[in-house]
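Chains as they are written, first to last, in my numbering: chain A, 1 to 332; chain B, 1 to 756; chain C, 1 to 215. Data block below; observations after.
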Amino acid sequence: MKTFTFERAATPDQAVDAFTAHERARYLGGGTNLVDLMKLGVESPEHLIDVSGLPLDEVERTPEGGWRVGAAVRNSDLAAHPGVRHDHPVLSQALLAGASGQLRNVATTGGNLLQRTRCPYFQDTSTPCNKREPGTGCSARGGAHRDMAVLGHSPHCVATHPSDMAVALAALDAQVEVLGPEGRRTVPAADFHRLPGDTPQQDTVLRPGELVLAVSVPPPHEGARSAYRKARDRASYAFALASVAAVLAVREGTVTHAALAFGGLAHRPWRARAAEEVLVGSAANAHTFARAADAELGAARPLGDNEFKVPLARSLAVNLLTTLADRSEQGA
Amino acid sequence: MAVHDTPDNSRTTDTGSAMSADSVAGTSSTGAAESATTGNATGKSATTGNTTRKSTTTGSTVMASTTGSDSGADGSLGAPVSRREGAAKTAGEARYAAEYTPEGCVYAWPVPATVPRGRVTSMDASDALALPGALAVLTHENAPRLTEPDDGILYVLQNDRVPHRGWYVALAVAETQETARAVAEAVRISYEEEPHDVRLMTDHPEMYHPEKANGGVPGDRERGDFDREFAAAPHRVDATYTLTPLHNHPMEPHAATAFWRDGHLTAYDSSQGATTVREALATLFAMGEEQITVVSEHVGGGFGSKGTPRPQVVLAAMAARHVERPVKLVLPRRELPAVVGHRAPTIQRMRLGARADGVLTAVGHDVVTYTSTVKEFVEQAASPSRVMYGSDASRTGHRVVALDVPTPSWMRAPGEAPGMYALESAMDELAVELDLDPVELRLRNDTQTEPDTGRPFSSRHLADCLREGARRFGWYERDPRPRMRREGDLLTGTGVASSAYPVLVAPSTASVEALSDGTFHVRVNATDIGTGARTVLAQVAADTLGAPLASVRIDIGDSDLPRAPLAGGSSGTASWGWAVHKACSELLASGGTKATADTTEDVQGQQDYARHAFGAHFAEVQADTVTGEVRVSRLLSVFAAGRILNARTARSQFIGGMVMGLGMALTEHSVIDPATGGFVERDLASYHVPACADVPDIDAHWIEEDDPHLNPVGGKGIGEIGIVGTAAAIANALYHATGVRHRDLPLTPDRVGVLS
Amino acid sequence: MDDHHTRPATSSTVTLHVNGTPHTQTTDHRTTVLDLLREHLGLTGTKKGCDHGQCGACTVLVEGRRANSCLLFAVAHDGAHVTTVEGLGEGERRHPLQDAFVERDAFQCGYCTPGQLCSAVGVLAEAAAGHPSHVTPPPGAGEPRPEGAPVPLTRAEIRERMSGNICRCGAYPHIVEAIEEMGDVAGGMDGGARNTDGARGVPGNPSGVPEEATR
C-alpha cells in the first residue's frame, strides 16, 4: 500500500471540492471494501477524503411518504430501522443477508452501492483483468467462472456485482442522489450500476468526483408485499450465488404490481423488466411466475461452470413470487 | 486454575540427544516429524509389525457424555478439567508467535512469484529501497546461504527457480509493517516463464506408482486375486469420488519473530513442534541445536500445516541475520495456500464386490493425486480400505504425478479423511445395491484382524460405536427409502459412516522435579495447538504422582525444554504423556527430587498389533429443493479411542474434527486455475470454512476402551478421527434425502442443483 | 518513522481511547486500528487472522459497536472509543462471558477467541436493542415481538449473528452455549464497553412505529 494524505470532510460540498483538488483521490466511507482493496493493491489512492462523518446519517420520511436514507447510514442501522422494515421488508432482508454483523455495523449505504466485484482475478494484481487494468484481458472468462455473470456480460468482463442491498433498491425503484463538481443529480438505483461493455472499469454511472448523498425509496405500493431470498455456499457470511428481490401485489388473483431484481447474475443488480411485463395483469400462479422468470432468463448466456445459476435464479424467483402472492392475497 | 505456564529460559534440562529421527515409528524422507505424524500402521513401523496373535480381549464401556460444567476440581485422568491457559486466552493475554516485539524489532513482508513456473531473470529493488524506512530486500542473490534441507520447501531465496506460483522469491524488510508491505510491492521482478502443467488427470502421461505414500505406507498393496473376485461378485459397486484441494487455514496465520544474539538464534514460531523446527533451522543454518531456541508457547491452530517447519521461520531468521535486528514476519492470509501445504486433490475409484448377504469379497481402492516438483508428498488415501473391512481379495494403491503446483502436505487426517470419504460412500452405495441397512452392512464386515496385514487389532470397537450411535441417533426410525421426508421445501435424510485413525506414537523425553514446597515441575517440549496438551499432561503427571493437579506446574512450547515430537498424527498426548508418565514414575521409584525419561526404547519395544481408533458418524441433512443448498441439521458420533484423558477438551477435539468434516462435505472448495497456475480461492471470503450458522448442535460420545497394548496413559489419539468419515455420513444423508447420488465434494448448490 | 515531511503529510497525530485510556501518537495513515493496537500499543489480545474483514478475529467494539478493526484506518477514527478483549471486564473482574467461554470450553487454539468475545458482547447489545438478524421472524403473523423490542437469543439467532467470526477449531457449538447462557442477562448488558463521552452504542429505535407490522 502506498502512502496517502488524508482529510475529513465536514460537508458534502467540502468533500467534492477536496476531490477536485487532488490527484487520485477517493472517498472513504466505512472502508470495508476500500481498505480491503488498498491492501490488495487494487486501489492506490493518493488522497483519502473521509466522508463517514458527514451529516448524512439519518433515515428520514420524504414528503411523498417514502424514506430517504443518508449515504452514511450504516447497513445495520438501516436494516433495523422499524419504518424501513415495515414498508420495505425486502431492503432489510437484503441487508441482513449480506456480510456479517460487524461489517454491517461499519459499512455505509453509499459504500455498499459502490462496493466492487469480488471476482478473484480483479482482486489479484498479478493476473490480467480489464476491470482493474483495461486492455489486459479477462482471466475469469476462461478461468474459474462458477461465480461469474450469466446475464449482460461482455467479452471484456464477466464479473458480478456483490451487493445484496443494491438488488433490493433496484426492485424498489429507489433513487440515488449524488453531488458532484457539476452539482446535484438523481439516478434511478436500477440504472446506477452499468453493464461492462467495453469499459468494465466503470462500475457505475457516477462521474469523477461524484459523491453519493442519499438513497430515496418511494412509498410502498398499495397491497404489495416484498421479500429477498439468496442462495449461497454457506449458511451465512457468503456472497450470493444468485438472489432475488421481489415486490408483488395481487388483487383477486391477478398481479397488479410487480418488481423483480436478481443478484449474483450480472455486472449490476438485474432488474427483470421482461419478467415484470409477463407478471402484471396475469393470474398470480406458479405457471405465470415460471413464464415470467423464463422471459427474463431466456437471455442468459452462461459460461459453462455457472450454468447452474439459470435454473437456480428461476427457482428462487418462482418460489419467492409464490410466497408473496400467497401473503398478498391473504393480506398477511 | 493457574494460568501461566511460561517456559523459563534456562537450558539446563535438555536431554535431547537420545532420540534420532530413525527411532520414530515409521519412515519417511522428511524424518521424524512426518513419520510420527502420519505413519500408518501398515507402514514400516516400529510400533507395528507382523504377528498372527489373536486379538486380546479388551474391555469397553459406554460412557455417557459429560456435558457438566464442573471446573475440574478432580484432576484425575479423564476428568473434565478446564484448560490451564483458558483464562489467559479469554483475556487476550496468551501470546502467539507474532506477539513478541523484541527491542528494535523490524518487519518483513514476503514477495511471491507471479508466474506459474520459470526462473527469476532480474530483481530490481532500487525503488523499493528508496522508500523511507526500507531496510533491505532479500533475494536469491543476497540472502544468507542455507544448507540444502531434505524438505525443499524450506530452501528459500537460494536460487532463481520458480517451481510454482506463489513461491517466495524475495523478502522486504523495513522499520514498520506498513513500509515493509510497500517495499515488497515496489520490487520489480522479471521472469523467464516456462510452460507449466497444473492439471490433475487420471490419464496423465507422467503418472507413476509411488513406492511409498505419506507416513511410509506402501504405495500399492494386493491381497488375493482382486480382479477375479470382483468379476465374480454378485453385487458390485464401481464408482469414482473426487475431492478438490483443501486448505488448512488455521486462524493464526503462519508467523515468526526471530533475532540473533551472540550467535544464538531465538525464534518465536507458529509451529506444531518447536523441537522439529529447531532441528530444521540447525540444518539450514549449519548450527548446533544448542545455539537455537524455538518458542511455540501458544499456537493458533495448525491442522497439519504447522507440523513441518514452514518458510516463515527460515525467512525471519535470514532477515534478522541480514539486517542484524529482530524481525517479525506474518505471512499474508492470501499467500498461505501456496506455501504452507494443502490437502491434495484426489480422484478415487472404489470397487466393492459382495455376496448377497453383504459380506465383501473384493475391495478395490485406486487413488490418483498430485504432488509438486519440490518434493514428493502422496496423500495416502487408500489406507482406510486396508484397515476397515475384511474381504477375500483387495487391491489398493496410489498413482501420483508431479505437477507445477504448490506442495501438498498434511491436513487433518491426511489419507484417512479423503480415503474414508470414498470407502464409506461406496459402502453406502453397496447397501443400496443390496437393499441392506448400511449399519448392518458394516457390522457384517467387521473384522478382528487387520485385513491388509493379518495382525490382530489391539482393540477394535467399531461395531459398538455403530450400535451405540444408531441407538442414540434413533437411526432405525428412518424409512430406508430415499426422498421420503419432505417438509415444505426441505428434503431430509440421514446417513452413516464409519471412522478410523491409526494410533501413532513417537519417542519423547520429559523431566520432572519435586520442589521443596511439595509441588512438582514438569518440563516437556510438547505443543498445545488447541488440543489442551498443557492441561492433559499436567493431569498425567498428577495422576502418576498421586498429587493434586494444582501442585503440578508444567512448561511446554520451548525447544530448550526436554525434546519432544510435534503435535501431529494424533500422537502428541500419547508420545508426551508416555514420557511424562515415565519421568514421574521414575521420580517416585527413585525417591529423589529429579527424574528425566526417554521413551525411545519403550516405543520401539512395543508388541505387534494393529492399533487404530474407530468411530461411527450419524448425520441428518436438509436439502432445500428451491436452491440446492444443503445444511446439516444433526450430527452425532461415537468414538472408541482408548482412554479419554480429559472429557472436556476431548469433546472439543472430536467436535472440531466433525466440523471440519462438515466443511469438507458442504462448503470447502478450491481449484487451481490452469492458466495462472494459482489457487483461485485464496482468502476466507472465497474459501468457505464453515461459519457458526452452518454448524448445528453436535453430539460427540465415546466408548471408554481399556486397551492394554497402547501406552501407559492408555489414549489412542483423538485429534483427527473426528474428521474421518464425517463427509461420507453427510453425503450419504444427502442421497437419502434426495435419491440422487453426488460423488464430488463439496455439495454446493452448483452441484446439487434445484431439486423441486 | 516518517522523515519525509516535506511532502504532504502521510501520517497524523491520532488519539484513540482504548479501554478507557487515551493513547495519542503519530500514526502512519496506512496503519489500521488493528495494527495500532497490536504493534504500537502492545495490545496483542486483538488478533489478525485475515486482515481483510473475512474472519472476525480482529473484532473490537468501537463506540460500543462491534467492528473489524483490520478494516479501520486509525487516522479515520481519531478520538474513537475502542474496547478490546483486554477491556471487556471491569478492572480485575472478568466479563462473565470470558468465564463462560472457559467453562464451556468454547475455544481450542484461542486465536479467534478475543474476536468471538467482543463480537458476542456486541451481539448481546444488538439483540437487546432489538436489532433483527437474517433469521429473526418478522413481526406479525404469530410473532408477538413488537418491532424494536429485544430479540430473544435463540441458538439460531446466535449462530447467525456470530457467523462473522470464523473458528477453524470448530468450537461453534460451545461458543453458542456460552452466549446462550448470557442471553438471560442480555438486557442488562451495555455492550461491555466503558464508553462514556461520545459513545454512541447501539442506537435505539425511533418510536412511532406501529407495533403490529403487516408483512
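For glycine and all other residues, C-beta sits at the position ideal for the given N, C-alpha and C.
Next on the checklist: Taking the alpha carbon of R271/A as the reference point, which residue from R251/A, F192/A, F308/A has its own alpha carbon closest?
Outcome noted: When each option's Cα is compared against that of R271/A, the closest is F192/A.
Next on the checklist: Once DSSP output is grouped into helix, strand and coil, what is the label at V250/A?
Outcome noted: The three-state secondary structure of V250/A, taken from DSSP, is strand.
Item to check | Environment of M318/B [buried if 16+ CB atoms lie within 10 Å] | outcome: Buried, because 16 or more other Cβ atoms sit within 10 Å of the Cβ of M318/B.
Item to check | L77/B to V540/B span [Cα, whole Å] | outcome: Here the C-alpha atom of L77/B lies approximately 6 Å from the C-alpha atom of V540/B.
Item to check | Inter-residue spacing [alpha-carbon to alpha-carbon] between E276/A and P112/B | outcome: Their backbone Cα atoms lie some 50 Å apart in a straight line.
Item to check | Beta bridge counterpart(s) of W109/B as assigned by DSSP | outcome: Its beta-bridge partners are A172/B.
Checklist entry - Any beta-carbon of chain A closer than 8 Å to the one on S458/B? => result Under the Cβ distance rule, S458/B does not count among the residues neighbouring chain A, no pair being separated by less than 8 Å.
Next on the checklist: Counting beta carbon pairs with one atom in the segment 389–398 of chain B and one in the segment 613–622 of chain B, are three or more of them shorter than 8 Å?
Outcome noted: No, the segment 613–622 of chain B does not touch the segment 389–398 of chain B.
Item to check | Backbone CA spacing between G753/B and N142/B [nearest angstrom] | outcome: Going by the C-alpha atoms only, they are around 54 Å apart.
Item to check | Test: H52/C CB closer than 8 Å to a CB of chain B | outcome: Yes, because at least one Cβ of chain B sits closer than 8 Å to the Cβ of H52/C.
Checklist entry - In angstroms, rounded to a whole number, what distance separates the CA positions of D435/B and A470/B? => result Distance between D435/B and A470/B, taken at the CA atoms: about 18 Å.
Checklist entry - Does the ligand SAH have even one heavy atom less than 7 Å from the beta-carbon of P114/C? => result Inclusion of the ligand SAH in the displayed structure is not the case, the ligand content being empty and no account of it being possible.
Next on the checklist: Is there a C-beta anywhere in chain A that falls below 8 Å from the one on R30/C?
Outcome noted: For R30/C, at least one C-beta of chain A is nearer than 8 Å to its own C-beta.
Checklist entry - Any C-beta of chain A sitting closer than 8 Å to the C-beta of D435/B? => result Chain A, which has no Cβ nearer than 8 Å to the Cβ of D435/B, makes this no.
Item to check | Presumed contact (8 Å Cβ cut-off) between E629/B and A231/A, rounded CB distance | outcome: Between the beta-carbon of E629/B and that of A231/A there is about 6 Å, and that keeps the pair under the 8 Å contact cut.
Checklist entry - In this structure, does DSSP put L360/B in helix, strand or coil? => result In the structure shown, L360/B sits in a strand (DSSP, three-state: E or B).
Checklist entry - Is there at least one Cβ from chain A nearer than 8 Å to T59/C's Cβ? => result Yes, its Cβ sits closer than 8 Å to a Cβ of chain A.
Item to check | Reference T21/C, options P146/C, G91/C, C167/C, closest by Cα | outcome: Of the listed residues, the one whose Cα sits closest to T21/C is G91/C.
Checklist entry - Listing by chain order, which chain C residues have their CB less than 9 Å from the CB of R95/B? => result Those are T44, listed as they occur along chain C.
Item to check | 8 Å contact criterion, which T108/A and S52/A should meet: CB distance rounded | outcome: The pair is a contact, with the Cβ atoms about 7 Å apart (cut-off 8 Å).
Checklist entry - What residues of chain B sit near M162/C, judged by a beta carbon separation below 7 Å? => result C692, listed in chain order.
Next on the checklist: Here's a check: name, in chain order, each residue in its chain whose Cβ is nearer than 8 Å to the Cβ of E157/C, leaving out the five neighbours to either side.
Outcome noted: Contacts found: A127, S133, V135, T136, V151.
Checklist entry - Which value, in whole angstroms, describes the spacing of the CA atoms of L554/B and L169/A? => result Here residue 554/B turns out to be Ile, not Leu, going by the sequence shown. Within the model, the alpha-carbon separation for I554/B versus L169/A is close to 59 Å.
Checklist entry - In its own chain, which residues sit with a C-beta less than 7 Å from the C-beta of L549/B, not counting the 5 before and 5 after it? => result Closer than 7 Å at Cβ, skipping near neighbours: G75, V81, A538, Q539, A542.
Checklist entry - Less than 8 Å separating the beta-carbons of V115/B and E193/B? => result The criterion of a C-beta distance shorter than 8 Å is satisfied by V115/B and E193/B.
Item to check | Paired residues, beta bridge with A497/B - DSSP | outcome: DSSP lists H617/B as partners of A497/B.
Checklist entry - Touching or not, the segment 413–433 of chain B and the segment 199–217 of chain B, by the rule of three or more beta carbon pairs under 8 Å? => result Yes, since at least three Cβ pairs between the segment 413–433 of chain B and the segment 199–217 of chain B fall closer than 8 Å, the two stretches touch.
Checklist entry - What are the residues of the segment 65–85 of chain C that lie near chain A, defined by any Cβ-Cβ distance shorter than 7 Å? => result Legend: CB atoms of the segment 65–85 of chain C lying less than 7 Å from CB atoms of chain A belong to residues R65, R66, A67, N68, L71, L72, F73, V75, A76.
Checklist entry - Does DSSP put C109/C in a helix, a strand or coil? => result Three-state result, C109/C: coil.
Item to check | Coarse secondary structure for G70/A, derived from DSSP in three states | outcome: In this structure, G70/A counts as strand in the three-state DSSP scheme.
Item to check | Classification of P195/B by the beta-carbon crowding that lies within 10 angstroms, buried from 16 upward | outcome: Flag for P195/B reads exposed.
Item to check | Collapsed DSSP secondary structure at Y421/B in the structure displayed | outcome: Here Y421/B sits in helix by DSSP.
Checklist entry - What number of angstroms, rounded off, separates the C-alpha of S29/B from the C-alpha of S44/A? => result Because the pLDDT at S29/B is just 31, under 50, the model does not fix this residue reliably, and the value given afterwards should be weighed accordingly. Pairing S29/B with S44/A, the inter-Cα distance amounts to about 46 Å.
Item to check | Distance between beta carbons of H247/B and H342/B, contact taken as under 8 Å | outcome: Rounded, the Cβ-Cβ distance is 5 Å, consistent with contact.
Item to check | Span separating the alpha-carbon of V387/B from that of P451/B | outcome: So the alpha carbons of these two residues sit roughly 6 Å apart.
Item to check | Within chain C, the residues that R83/B reaches when beta carbons sit closer than 9 Å | outcome: In chain order: V102, D105, F107, Q108, G110.
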